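Novice:
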Amino acid sequence: MLPRSQIWLLAVLGAAAVMSAVSGRLNPYWLDVAMGVGINIILAVSLNLINGFTGQFSLGHAGFMAVGAYTSAMVTTVLGSRLGLSPVLLRWGLFPVSLVAGGLLAGLAGLAVGAPSLRLKGDYLAIVTLGFGEIIKVILQNLNAVGGARGLSGIPSYTNLFWTFTVAAVTVYVVWGLLNSTYGRGFLAVADDEVAAEAMGLNTTRYKINAFVVGSFFAGAAGGLYAHLKGYISPTGFDFNKSIEIVVMVILGGMGRHLGVIVAAILLTVVQEPLRKLGDWRMILYALLLIGLMLTRPQGLFVWPLKRRNA
Amino acid sequence: MLELRDLTVRYGAITALHGVSLRVAAGSIVTLIGGNGAGKTTTLRTVSGMVKPASGQVLFEGEEIGGIPTHRLVARGLAHCPEGRMVFANLTVRENLQMGAYLQRDKGVIRREEEYVFALFPRLKEREAQPAGTLSGGEQQMLAIGRALMSQPRFLLLDEPSLGIAPLLVKLIFEKIVELNRQRNLTILLVEQNANLALEVSNHGYVLETGRIQLSGEAAGLRADPRVRDAYLGG
Numbered sequence: 217m218l219p220r221s222q223i224w225l226l227a228v229l230g231a232a233a234v235m236s237a238v239s240g241r242l243n244p245y246w247l248d249v250a251m252g253v254g255i256n257i258i259l260a261v262s263l264n265l266i267n268g269f270t271g272q273f274s275l276g277h278a279g280f281m282a283v284g285a286y287t288s289a290m291v292t293t294v295l296g297s298r299l300g301l302s303p304v305l306l307r308w309g310l311f312p313v314s315l316v317a318g319g320l321l322a323g324l325a326g327l328a329v330g331a332p333s334l335r336l337k338g339d340y341l342a343i344v345t346l347g348f349g350e351i352i353k354v355i356l357q358n359l360n361a362v363g364g365a366r367g368l369s370g371i372p373s374y375t376n377l378f379w380t381f382t383v384a385a386v387t388v389y390v391v392w393g394l395l396n397s398t399y400g401r402g403f404l405a406v407a408d409d410e411v412a413a414e415a416m417g418l419n420t421t422r423y424k425i426n427a428f429v430v431g432s433f434f435a436g437a438a439g440g441l442y443a444h445l446k447g448y449i450s451p452t453g454f455d456f457n458k459s460i461e462i463v464v465m466v467i468l469g470g471m472g473r474h475l476g477v478i479v480a481a482i483l484l485t486v487v488q489e490p491l492r493k494l495g496d497w498r499m500i501l502y503a504l505l506l507i508g509l510m511l512t513r514p515q516g517l518f519v520w521p522l523k524r525r526n527a
Numbered sequence: 002m003l004e005l006r007d008l009t010v011r012y013g014a015i016t017a018l019h020g021v022s023l024r025v026a027a028g029s030i031v032t033l034i035g036g037n038g039a040g041k042t043t044t045l046r047t048v049s050g051m052v053k054p055a056s057g058q059v060l061f062e063g064e065e066i067g068g069i070p071t072h073r074l075v076a077r078g079l080a081h082c083p084e085g086r087m088v089f090a091n092l093t094v095r096e097n098l099q100m101g102a103y104l105q106r107d108k109g110v111i112r113r114e115e116e117y118v119f120a121l122f123p124r125l126k127e128r129e130a131q132p133a134g135t136l137s138g139g140e141q142q143m144l145a146i147g148r149a150l151m152s153q154p155r156f157l158l159l160d161e162p163s164l165g166i167a168p169l170l171v172k173l174i175f176e177k178i179v180e181l182n183r184q185r186n187l188t189i190l191l192v193e194q195n196a197n198l199a200l201e202v203s204n205h206g207y208v209l210e211t212g213r214i215q216l217s218g219e220a221a222g223l224r225a226d227p228r229v230r231d232a233y234l235g236g
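And the structure:
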């Protein structure tokens, strides 16, 4: 691991802390957008590990996000009121714990979906993950303990700039570090050619499951941040459209590119704001964008030649 | 070193191999020839654990290995160089080689093997920092072979090394195959469409037709056999 990457990590954490300290003076609207950007970076970068670097195709990322969002929200609302902690401890102690819990449960869900289905390839895997996302949504809709179709409200707004960008920086750091290690090169090998990777002595199934579990973990943590940002979550917020939104970020940024995907996540989140009044029509714009992109720049918008990794 | 006993392999309802038996003696080069769809690649894939046999035995150094996953067999000294030059296109030449030494933890050994491969194929050394996808067909084949060597195998499964490669490079690659066999005492099971060339470098040969062994014998004998000449050597 390059020490330089650790310096970057610390720099981002420091900046997040400073920004967070002065956030009271910032325009609350743009603060909200900034945190949305951070959450989408986490989602896109974690999906990029699965779809981009490992060459799988998951359409269920919103499902894992939902698992994390609900888990984390239950931890802070149910546990938070019973433990009788001070507000400071709640935000700086229980909240990160709830994010990790959400991540772990989402990772577990990733394992549960991944283990039986990752023998499938391409379209088949995409269909299974799509099915998984829908199952999660339907389960949540029918689970009265978490509000069913009405959703879960009254979630304390613990998410701030610091936590959002801390998790985002950790996600980027972990995915980047993973891929630039000897072990991590295996992910790229699996994406390039599974048969050859297997013939080299790689356990390709385990690689794919690892990618799924790590990717789902961070999607779960992002879900936790989202829940504590909006204060209200409902199953429909984690539907197929949300998964597609994340997939578009990854494709737009260039599958298997580090920086491009981050740029795409930022851009698409910010662009959403002026488009908000279009409502669901926004999805048509997304679809058109995707088609246009595939026709003109299938390698992604923000791609420089031969610069796949910053290695 | 390798023995297949009455091996039957099915893909769903289709039977690809009907009771194939063959032997590869340690230190030899054995060629499997046959037309498209005869079951050559299936035989190799079964040996390296990518396909599970329906019945019959795969014995490697006297031990049954049928159904053991590929990644475990690599650790036992068996390497598979798959058909169609499956290099990792987005990794550099050097990274491809390093992937080949995936199970090797000793950096010194990796470096030594890398030097060996570069000495064997100097062309790869020139292109070491280039993504493998930018290499020519012949260079990719060299890389695929070199990568398979990185796991320090004692037994190499080589699938169609001449496929779609310039004739000059085919000759070079076959010379290197013989060199590997002689110098490193590497036992090789070769699958090849270019029967003439393959039999020339082999000790022994088997002719596979629609999943059955039709003929076998000394390589020189097979080359002279009129049935082989008519069907595979172009008269």
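Order-wise, the sequence lines are chains A and B.
Sequential numbering from 217 applies to the first sequence in this note's numbering.
Sequential numbering from 2 applies to the second sequence in this note's numbering.
Beta carbons are placed, not taken as given, at the ideal position from N, Cα and C, and that holds for glycine.
In this text, all values refer to a predicted model and were calculated from it rather than measured experimentally.
(1) Considering only residues of the same chain and omitting the five flanking positions on each side of Leu187 of chain B, which have a CB-CB separation below 6 Å?
(2) For Asp7 of chain B, name the three-state secondary structure that DSSP assigns.
(3) Given this structure, state the Cα-to-Cα distance separating Tyr442 of chain A from Asn97 of chain B, to the nearest angstrom.
(4) Just how far apart, CA to CA, sit Leu125 of chain B and Leu509 of chain A?
(5) When you compare each of A:Ser236, A:Leu265, A:Leu504 to Ala427 of chain A by their alpha carbons, which one comes out closest?
(6) Comparing the C-beta of Leu517 of chain A with each C-beta of chain B, is any distance below 7 Å?
(7) Give the straight-line distance between the Cα atoms of Leu324 of chain A and Trp497 of chain A, rounded to the nearest whole angstrom.
(8) Which of the three DSSP states, helix, strand or coil, is assigned to Gly57 of chain B?
(9) So the candidates are A:Ile257, A:Ile352, A:Leu320; which of them puts its Cα closest to the Cα of Thr387 of chain A?
(10) Against Tyr83 of chain B, what residues of chain A qualify as contacts under a CB-to-CB distance less than 7 Å, listed in chain order?
(11) How would you list, in chain order, the residues of chain A whose beta-carbon sits under 8 Å from the beta-carbon of Met2 of chain B?
(12) Mind listing the chain B neighbours of Gly419 of chain A? Cutoff is C-beta to C-beta under 8 Å, in chain order.
(13) Just to confirm, is the Cβ distance from Gly35 of chain B to Leu209 of chain B under 7 Å?
(14) Using a C-beta to C-beta distance shorter than 8 Å, which residues of chain B count as neighbours of Leu394 of chain A?
(15) Count the other C-beta atoms from every protein chain shown that fall within 10 angstroms of the C-beta of Tyr399 of chain A, then say buried if there are 16 or more, exposed otherwise.
(16) Verify the CB distance criterion: does Leu18 of chain B have a CB-CB separation below 7 Å to chain A?
(17) In its own chain, which residues sit with a C-beta less than 7 Å from the C-beta of Gly78 of chain B, not counting the 5 before and 5 after it?
(18) Scan the region 37 to 97 of chain B and note each continuous alpha helix (DSSP H) run of 4 residues or more that stays entirely inside, going in chain order.
(19) Within 10 Å of its beta-carbon, does Tyr245 of chain A have 16 or more other beta-carbons around it, so buried, or fewer, so exposed?
(20) Could you check the C-alpha separation between Thr287 of chain A and Gly440 of chain A for me, to the nearest Å?
(21) Nearest-angstrom Cα distance between Cys105 of chain B and Arg112 of chain B?
(22) What is the residue span of the alpha helix (DSSP H) that Thr211 of chain B lies within?
(23) Since Val75 of chain B meets chain A, which of its residues come closer than 8 Å, beta carbon to beta carbon?
(24) Starting from the C-beta of Leu8 of chain B, find all residues in its chain whose C-beta is less than 6 Å away, skip the five residues before and the five after it, and write them out in chain order.
(25) Among the candidates B:Thr135, B:Asn195, B:Pro132, whose CA atom is the shortest distance from the CA of Ser163 of chain B?
(26) How about Met465 of chain A and Leu494 of chain A: do their beta carbons lie closer than 7 Å?
(27) Closer than 8 Å, Cβ to Cβ, to anything on chain A: give me those residues from the region 96 to 111 of chain B, in chain order.
(28) Give me whichever residues DSSP pairs with Val21 of chain B in a beta bridge.
(29) Rounded to whole angstroms, how far is the Cβ of Thr71 of chain B from the Cβ of Met51 of chain B, which I believe are closer than 8 Å?
(30) Runs of 3 residues minimum, wholly inside the region 298 to 355 of chain A: which ones carry the beta strand (DSSP E) assignment?
(31) Look up Arg230 of chain B in the DSSP assignment and say whether it is helix, strand or coil.
(32) Along the alpha helix (DSSP H) that carries Phe175 of chain B, what are the first and last residues, could you check?
(33) Hey, is Phe156 of chain B's beta-carbon within less than 7 Å of any beta-carbon in chain A?
(34) I'd like to confirm something about Phe269 of chain A: is its beta-carbon nearer than 6 Å to some heavy atom of the ligand PLP, or not?
(35) Using DSSP bridges, identify the partner residues of Pro132 of chain B.
(36) Locate the beta strand (DSSP E) running through Asp160 of chain B, then write down its first and last residues.
Specialist: With the structure as the only source:
(1) Leu157, Leu181
(2) strand
(3) 40 Å
(4) 36 Å
(5) A:Leu265
(6) no
(7) 35 Å
(8) strand
(9) A:Ile257
(10) Contrary to the premise, residue 83 of chain B reads as Pro rather than Tyr in this sequence. Ordered by position in chain A, the residues that pass the 7 Å Cβ test against Pro83 of chain B are Val411, Ala412, Ala415.
(11) Within chain A, no residue comes near Met2 of chain B; the closest Cβ sits about 19 Å away, beyond 8 Å.
(12) One detail in the question is off: residue 419 of chain A reads as Asn in this sequence, not Gly. The answer, in chain order, is Pro70, His72.
(13) yes
(14) The premise fails here: Leu394 of chain A is roughly 15 Å from chain B at the closest Cβ pair, so nothing lies under 8 Å.
(15) exposed
(16) no
(17) Pro154, Arg155, Phe156
(18) 41 to 48, 71 to 76
(19) exposed
(20) 8 Å
(21) A small correction: the amino acid at residue 105 of chain B is Gln; Cys does not occupy that position in the sequence shown. Spanning the two alpha carbons is a distance of roughly 11 Å.
(22) Per DSSP, Thr211 of chain B belongs to no alpha helix (DSSP H) and is neither H nor E.
(23) Ala415, Met416, Gly417
(24) Leu18, Val21, Pro54, Gly57
(25) B:Asn195
(26) no
(27) Glu96, Gln99, Met100, Gly101, Tyr103, Leu104
(28) B:Leu8
(29) 5 Å
(30) none
(31) helix
(32) 168 to 184
(33) no
(34) In the structure on display, the ligand PLP does not appear, and there are no ligands present to speak of.
(35) B:Thr93
(36) 156 to 160
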